[in-house]
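Just below is one structure, and these are the notes that go with it.
Below, the structure is given as structure tokens:
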């Protein structure tokens with residue numbers, strides 16, 4: 045019988061064919077821990093009584109939520125992390141290079157077909173290169189650090205097929221938001237999403253990342269894209285037979301299939317305060333805003349900054365509106381310098397911060413207060429996520445966000 | 002009797018022919034600058050304590066959000082919103098995220114001969130362009146806002162006769178720390194520090210800002226330079242004309258005079274927890290650091306970034322050290338982008354932040370934690386200034402700070 | 018069969034991890050420092066009102082959002098005996114099991130219960146409310162193993178020959 049991509053990855057990993065519902069133990073190829081949770085992981089690891097890491101080279105520690113520190117106690121996390129890394133011989137430590145999910149693929153830690161876990165829900169991002177990756181808590185992470193294994197339940201797969209050419213000003217963010225609206229916030233819980241179709245094939249790896257990143261917002265365990273030439277180039281690797289085989293079989297069993305025509309997509313937003321409360325931007329036009337945030341592991345990549353810069357070139361951010369731009373990584377920041385993107389954004393009046401999670405994780409980077417509205421390109425608009433519970437967060441694509449920054453209100457990108 | 006520059010500015014602002022130290026005058030203010038450190042308090046007083054709230058001249062007011070940018074808590078967001086809404090309602094010039102207030106003032110507003118109040122102690126920076134700038138609290142600010150005037154006591158002037166030229170690798174930052182080390186943190190209480198002499202002419206506008214900016218660290222009301230050709234050139238480049246160019250009279254009376262030979266100045270460091278605890282930089286070499294900060298209204302200008310970039314080019318920030326590079330304004334940031342400096346810092350592993358006060362005031366991004374050590378180009382090294390009360394702050398030049406970031410311990414630029 | 022009774026706090030659908038514990042407080046040193054901020058964006062007073070042994074009854078997708086394990090730890094630290102919801106988000110579910118916080122899926126109870134009511138949970142069988150029985154499933158074996166070991170940490174300690 046045919047297999048879905050996730051079933052192929054798990055079979056390859058365990059050496060046994062699997063079907064949804066099976067509980068299996070997988071060998072983990074790579075793990076990611078970020079700064080917020082490292083003290084907890086370290087505590088649990090030692091409490092569990094482990095003496096060494098199963099494989100220090102497979103562990104990546106990334107400081108991103110707390111960079112730069114905004115509270116005195118934040119720096120403690122760096123010291124705990126540095127000490128843990130030194131004690132157990134970890135070399136893969138990034139202290140201010142950008143957001144964990146960006147670095148995991150960009151710095152080559154994740155390859156197609158890998159099984160990867162991270163102490164962050166948006167670990168689903170690595171599905172963009174055809175890896176099975178998912179978020180876990182710190183206790184489970186500590187147990188992987190000691191054993192190199194984890195039990196999982198093989199998920200059912202929801203197949204999403206998108207064919208055709210996207211209209212101008214529609215980005216992959218608009219697709220994933222629409223999909224979350226259709227699935228609802230729990231519509232893919234425990235399940236794998238698998239994307240295919242000509243629109244997906246023609247999409248950059250960066251655009252796929254945006255979609256894989258937000259799969260968790262529909263509850264998904266992971267979101268998988270078939271590795272192709274673009275993936276290989278991005279990962280600086282040549283695809284082996286196994287990696288090339290990561291396509292959903294014709295006769296694979298899917299829980300359901302959702303089919304879209306690319307031409308039907310329009311710019312959308314997730315409205316306060318649910319990720320699945322999706323409206324067409326055209327319906328929301330005119331709503332005044334106080335701030336715009338372009339960044340995050342969802343939409344802080346070069347193509348996102350470039351899209352924003354195209355919209356903002358020669359224009360100015362509206363008076364009394366703040367535009368905050370946070371590139372997703374040091375590499376992206378430097379590429380954006382070279383291409384003149386940062387200068388264009390700065391000239392338009394953007395506040396350009398150091399790469400990191402910034403506002404998205406709600407600790408710093410543009411926190412808001414009662415009655416304020418923000419259009420943001422990140423992945424969550426939960427109540428209180430960016431300040432008080434009376435802040436209204438609209439999620440949108442970088443193009444839409446940039447257009448709103450100029451207008452000082454919600455407008456269609458053009 | 003002759004007058005000093007500071008006295009002439011006050012006399013003009015008071016509308017009298019001459020003034021002498023100790024006299025108290027009501028003066029017309031040219032500008033009033035307030036930042037997000039205290040503006041919300043001023044706005045509260047304005048709204049709640051005044052019978053008939055009004056603003057004498059909104060054109061004189063400048064509101065600048067620079068201390069917490071971007072906002073890092075709902076509380077600061079609320080303070081900033083109050084400030085923003087007030088500025089919008091009252092048509093007040095409003096800057097947010099465009100740089101540290103004093104840098105923005107000098108780039109956009111300050112003219113020689115002006116008298117400017119700022120609700121920030123480092124308002125004394127404006128003397129770099131021959132203006133009298135001084136820091137006030139928010140009650141004074143409010144009075145100025147409502148009346149357009151304030152009272153001042155004419156300060157005595159202390160003359161700093163500068164001779165010679167700073168050697169290679171020694172900066173205005175070393176000079177002002179040396180001066181403060183010599184005269185003490187209260188060495189010029191209530192007085193105006195006038196920097197003059199052939200040595201003063203050799204200093205760039207950026208250097209002069211670094212000197213005047215820290216006048217308050219010697220207790221001074223202001224620091225001031227004569228607006229010479231360099232100052233007038235700077236103004237012209239920024240599209241402004243002087244209000245009035247004053248020179249101190251030959252028979253002006255000074256409370257004291259000091260002479261500093263610039264060629265004798267060496268790299269120095271102010272040790273915790275006082276700005277006047279100044280020692281030769283070598284004496285502090287080897288002290289382990291957690292963070293290094295290149296930025297602030299004192300030392301975050303393009304000239305300082307060039308110094309830092311030259312030191313770090315092709316090298317890396319030490320593992321585990323956080324090297325914050327924070328241009329003092331958006332204009333400087335863009336210039337640094339253009340010159341490739343930002344890329345040099347990013348390549349080296351620095352954390353390049355958007356223009357803001359950062360760790361210099363210790364309550365926003367870049368703060369340091371328990372028992373941590375910072376070397377900084379900021380203005381102050383008071384206990385707990387940069388974060389946790391147990392943390393320590395050393396002050397040094399852009400070169401020393403950058404060298405320390407590379408070494409992971411305090412180091413002078415010639416050693417890395 | 019094990020059974021327990023508790024007073025009910027009712028919450029809605031999609032109670033996310035940012036509501037359970039906002040990121041702002043995640044760098045506090047201990048769960049005890051954090052727990053006072055539990056549910057603060059939605060109901061700031063709730064953390065102070067919950068008593069030991071109380072039960073949270075919620076709608077669908079409880080615990081959606083981030084991987085922060087502080088979320089179940091805080092609920093446990095507040096004294097909540099179990100959470101009964103229409104459904105749970107995946108990571109939150111694993112984290113709860115790993116920390117020994119009991120989660121029960123029940124599709125109908127939420128629609129009929131009101132805050133302050135008492136319910137009785139009969140493990141692996143049903144929930145009693147106002148004389149009505151709402152059936153509940155039993156947990157898969159591998160999860161019961163972790164819960165029986167007292168959470169994942171204890172299971173690992175056993176593996177490492179420590180307990």
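Protein chains in written order, with our numbering: chain A, 45 to 458; chain B, 2 to 417; chain C, 18 to 180.
Even glycine gets a Cβ: it sits at the ideal position worked out from N, Cα and C.
Asked, Found
"For residue 127 of chain A, the nearest candidate out of A/85, A/98, A/52, A/225 (CA to CA)", "A/85"
"Bridge partners - residue 195 of chain A, DSSP secondary structure assignment", "A/69"
"Three or more C-beta pairs below 8 Å linking the region 47–58 of chain A and the region 153–162 of chain A", "yes"
"Candidates A/457, A/338, A/332, A/105, of which the one nearest residue 362 of chain A by Cα", "A/332"
"CA nearest to the CA of residue 129 of chain B, picked from B/140, B/407, B/67, B/117", "B/117"
"Whole beta strand (DSSP E) elements within the region 131–161 of chain B, 3-residue minimum", "133–136, 150–154"
"is_contact[residue 187 of chain A, chain C] using C-beta, thresh 8 Å", "yes"
"Neighbour flag for residue 387 of chain A against chain B, beta carbons, 8 Å", "yes"
"Separation of residue 163 of chain A from residue 378 of chain A, as counted between CA atoms", "27 Å"
"Exposed unless 16 or more other CB atoms sit within 10 angstroms - verdict on residue 400 of chain A", "buried"
"Residue 375 of chain A burial status per 10 Å Cβ neighbour count (16 or more: buried)", "buried"
"Closer than 7 Å at the beta carbon, the chain B residues around residue 398 of chain A", "352, 353, 354"
"Selection of the region 63–75 of chain A by Cβ proximity to chain C, strictly under 9 Å", "67"
"Opening and closing residue of the beta strand (DSSP E) in which residue 99 of chain C lies", "99–102"
"Nearest neighbour of residue 277 of chain B, chosen from B/382, B/361, B/340 [CA to CA]", "B/382"
"Three-state secondary structure assigned by DSSP to residue 171 of chain A", "helix"
"Chain-ordered neighbours of residue 342 of chain B on chain A, where CB pairs are closer than 7 Å", "Near residue 342 of chain B there are no residues of chain A at all, since even the closest Cβ is about 10 Å away, more than 7 Å."
"8 Å Cβ cutoff, residue 183 of chain A in contact with chain C", "yes"
"Residue interval of the alpha helix (DSSP H) (run including residue 344 of chain B)", "342–349"
"Test: residue 424 of chain A CB closer than 8 Å to a CB of chain B", "no"
"Cβ neighbours of residue 66 of chain B in the same chain (closer than 6 Å, five flanking residues each side left out)", "37, 81, 97"
"Cβ distance (whole Å) where residue 87 of chain B is taken to contact residue 44 of chain B below 8 Å", "5 Å"
"8 Å Cβ cutoff, residue 136 of chain C in contact with chain A", "no"
"CB of residue 68 of chain A within 8 Å of CB of residue 196 of chain A, strictly", "yes"
"Three-state secondary structure assigned by DSSP to residue 51 of chain C", "helix"
"Distance between residue 154 of chain B and residue 210 of chain B (C-alpha atoms, nearest Å)", "24 Å"
"Through-space distance from residue 175 of chain C to residue 363 of chain B, alpha-carbon basis", "46 Å"
"Which listed residue (C/61, C/101, C/132, C/79) has its alpha carbon closest to that of residue 107 of chain C", "C/79"
"Cross-strand partners of residue 165 of chain C (DSSP beta bridge)", "The partner list for residue 165 of chain C (beta bridge, DSSP) is empty, contrary to what the question assumes."
"Straight-line gap, residue 348 of chain A to residue 442 of chain A (C-alpha atoms, nearest Å)", "6 Å"
"Beta-carbon gap between residue 152 of chain A and residue 279 of chain A smaller than 8 Å", "yes"
"Touch test, the region 134–141 of chain B against the region 264–282 of chain B, Cβ-Cβ under 8 Å, three pairs minimum", "no"
"Bridge-paired residues (DSSP) for residue 237 of chain A", "A/202, A/267"
"Min CB distance residue 112 of chain C to chain A below 8 Å", "yes"
"The region 5–13 of chain B in contact with the region 442–457 of chain A per 3-pair CB rule at 8 Å", "no"
"Interface partners of residue 368 of chain B on chain A, CB under 9 Å", "112, 113, 114, 115, 116, 118, 119"
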